[in-house]
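In full-length UniProt numbering, the protein residues as written are 1 to 370.
Glycine is no exception: its CB is placed at the ideal position from the N, C-alpha and C atoms.
To start, the structure under review is shown below, and the notes come after it.
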Amino acid sequence: MVGAGLSGAVIGRTLAEAGHDITIVDTRDHIGGNCHTERDTATGVLVHVYGPHIFHTDDAGVWDYVTSFVAFKPYTNRVKTTARGQVFSLPVNLHTINQFFGKTMRPEEARAFIAETQADTSIDTPQTFEEQALKFVGPDLYETFFKGYTMKQWGCHPSELPASILKRLPLRFNYDDNYFSHRFQGMPEHGYTDLIARILDHPSIAVHLDTRFDRSKAGEYDHVFYSGPLDGFFDYELGQLGYRTLDFERFTHDGDYQGCAVMNYGDADVPYTRITEHKHFAPWESHDASVCYREFSRACGPDDIPYYPIRQVKEKALLADYVKLAETTENTTFVGRLGTYRYLDMDVTIREALDTAQGYLDALENRRPI
Ligand code: FAD
Ligand code: UDP
1 MVGAGLSGAV IGRTLAEAGH DITIVDTRDH IGGNCHTERD TATGVLVHVY
51 GPHIFHTDDA GVWDYVTSFV AFKPYTNRVK TTARGQVFSL PVNLHTINQF
101 FGKTMRPEEA RAFIAETQAD TSIDTPQTFE EQALKFVGPD LYETFFKGYT
151 MKQWGCHPSE LPASILKRLP LRFNYDDNYF SHRFQGMPEH GYTDLIARIL
201 DHPSIAVHLD TRFDRSKAGE YDHVFYSGPL DGFFDYELGQ LGYRTLDFER
251 FTHDGDYQGC AVMNYGDADV PYTRITEHKH FAPWESHDAS VCYREFSRAC
301 GPDDIPYYPI RQVKEKALLA DYVKLAETTE NTTFVGRLGT YRYLDMDVTI
351 REALDTAQGY LDALENRRPI
């Protein structure tokens, strides 16, 4: 098993419970992959080391799975954004619309009002992020909340990005400011690394940190589940798949810095996309001092951590070529956000890992090729 993140842990645990001996290697000096959390020694704040992670899902099976290992505390993600000198509530909801346009509209009035601004755009089937945003919220809200942020986040104009990126976000004509619409949402009480440690805690699982896997070692195992970068597995022989990486500028603050966990910055001339104040991810804890991250996005170089797959037209073509190579690679299954070059939320990662492991066990039992 390559990678001690959620993919590696869940597949490893499922196979270990079925009687297999599992070796997991990870280049990092900790388990947890990009979900890794650790306590800051000076303040005691639980820090989301690779950026903010909120667990949310509609998949009852996945929710039962994670809550069978650790306790989850209720947590609702309420994101704010600072734009044009004011603070607004996200995702765009009735409060945002009324505040932005200086009105006191009721739901149906706001719906009609936004529909009128949308009518100006005459876009039937949006293809790009920009078209989707114009159709979704109209030009004023698009320019204020989405255009600048998206250019900073993705390093290109929203007209060059697929509409699917924005489709993740809701538009609400009520005062519900929950960032997610899923049935289950929460935070593991002692962080994600604790959750992943519990999943890995099985006598048939051995974890080796600070250990890099390369494909010359594949023959040492019955089967390899690889959750590292797809192009990295093949030593980038066809070229590099495009990613955005993140830089976190960490700072501490006495008391409360911003009063919420996530504050986005919509203006293009503010160089960072958002500031996260980690203690607010654990509202059941009490800390005087604060640990905050200013988050900057930029193109990912060969030595950087890949965060967001770009998936523009040229990446999709290269991806198709790597997928062909992957399909002809014996004894190896490519999994997780890096192994499949997709933006996967944690719940989807877990669902796919459970299904992959079960598929492997079924194939073994029925002597089908894997
Ligand atoms: P990873 O966590 O990346 O684990 C892969 C592991 O493989 C890494 O530890 C790496 O070191 C190791 N590895 C790679 N190559 C090798 C090699 N050659 N040899 C050995 N080890 C190797 N999801 C949500 O549901 N909610 C959120 O709020 C959320 N926020 C996010 C915020 C950010 C900024 C990002 C980037 C993602 C966010 N996600 C969120 C998604 C979440 O991070 C992923 O779903 C999850 O990390 C995927 O787990 P994984 O095991 O597939 O990959
Ligand atoms: N987005 C934006 N302004 C915001 C928040 C999001 O323009 O204040 C855009 C941005 O392009 C982002 C996308 O909407 O990539 C999806 O938002 P989400 O919060 O899901 O981003 P992620 O969790 O991927 O960082």
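Would you kindly report the start and end of the unbroken alpha helix (DSSP H) that includes residue i?
i, result
"T14", "6-17"
"A326", "313-327"
"T193", "192-200"
"F72", "Looking at the DSSP string, F72 is not in any alpha helix (DSSP H); the run it does join, the beta strand (DSSP E), is 72-74."
"L230", "230-233"
Counting only C-beta atoms, is residue i closer than 8 Å to chain B at any point?
i, result
"E352", "Considering every chain present, this structure includes no chain B. It has just one protein chain."
Could you give the DSSP three-state label for residue i: helix, strand or coil?
i, result
"K80", "strand"
"S290", "strand"
"L241", "coil"
"L134", "helix"
"T57", "strand"
"M151", "helix"
"residue 387", "Missing from the structure shown is residue 387; the chain here goes from 1 to 370 and no further."
"D256", "coil"
"G359", "helix"
"T67", "helix"
"M187", "strand"
"T332", "strand"
"residue 372", "What is shown of the chain runs 1 to 370, which leaves residue 372 out entirely."
"H48", "strand"
"Q127", "coil"
"P91", "coil"
"V2", "strand"
"R168", "helix"
"D269", "coil"
"E109", "helix"
"P158", "helix"
Applying the 10 Å Cβ sphere with the 16-neighbour rule, what's the burial state of residue i?
i, result
"C156", "exposed"
"T81", "buried"
"N77", "buried"
"Q185", "buried"
"V25", "buried"
"F129", "buried"
"R368", "exposed"
"Y226", "buried"
"W63", "buried"
"P107", "exposed"
"R183", "exposed"
Say yes only if the C-beta of residue i is nearer than 7 Å to one or more non-hydrogen atoms of ligand 1, and no if none qualify.
i, result
"M1", "no"
"F213", "yes"
"L344", "yes"
"G232", "yes"
"G12", "no"
"I54", "yes"
"D194", "no"
"V62", "no"
"Y179", "no"
"C35", "yes"
"P229", "yes"
"D247", "no"
"R337", "yes"
"G186", "no"
"R28", "yes"
In whole angstroms, what is the alpha-carbon distance linking residue i and residue j?
i, j, result
"E249", "R274", "11 Å"
"N93", "Y265", "17 Å"
"D21", "S204", "5 Å"
"T27", "R337", "16 Å"
"V47", "Q312", "32 Å"
"D345", "P52", "12 Å"
"L209", "L166", "37 Å"
"G85", "Q118", "25 Å"
"G301", "C292", "25 Å"
"A282", "M187", "8 Å"
"G8", "A299", "27 Å"
"K147", "A268", "8 Å"
"K279", "Q258", "11 Å"
"M105", "R111", "9 Å"
For a test of your reading of the model: does the CB of residue i fall under 7 Å from any non-hydrogen atom of ligand 2? Yes or no.
i, result
"G5", "no"
"Y149", "yes"
"R168", "yes"
"V77", "Position check: residue 77 holds Asn in this sequence, whereas Val was assumed. Checking every heavy atom of ligand 2 against the Cβ of N77, none is found closer than 7 Å."
"residue 371", "Given a span of 1 to 370 for the chain in the structure shown, any question on residue 371 remains unanswerable."
"N366", "no"
For residue i, report the span of its beta strand (DSSP E) as first-last.
i, result
"A261", "Looking at the DSSP string, A261 is not in any beta strand (DSSP E), and its letter there is neither H nor E."
"Q99", "Premise fails: Q99 lies in the alpha helix (DSSP H), 94-101, not in any beta strand (DSSP E)."
"I275", "274-277"
"F225", "224-226"
"R39", "37-39"
State yes or no: is the C-beta of residue i nearer than 7 Å to some heavy atom of ligand 3?
i, result
"H53", "The ligand content of the structure shown is limited to ligand 1 and ligand 2, which means ligand 3 is not among them."
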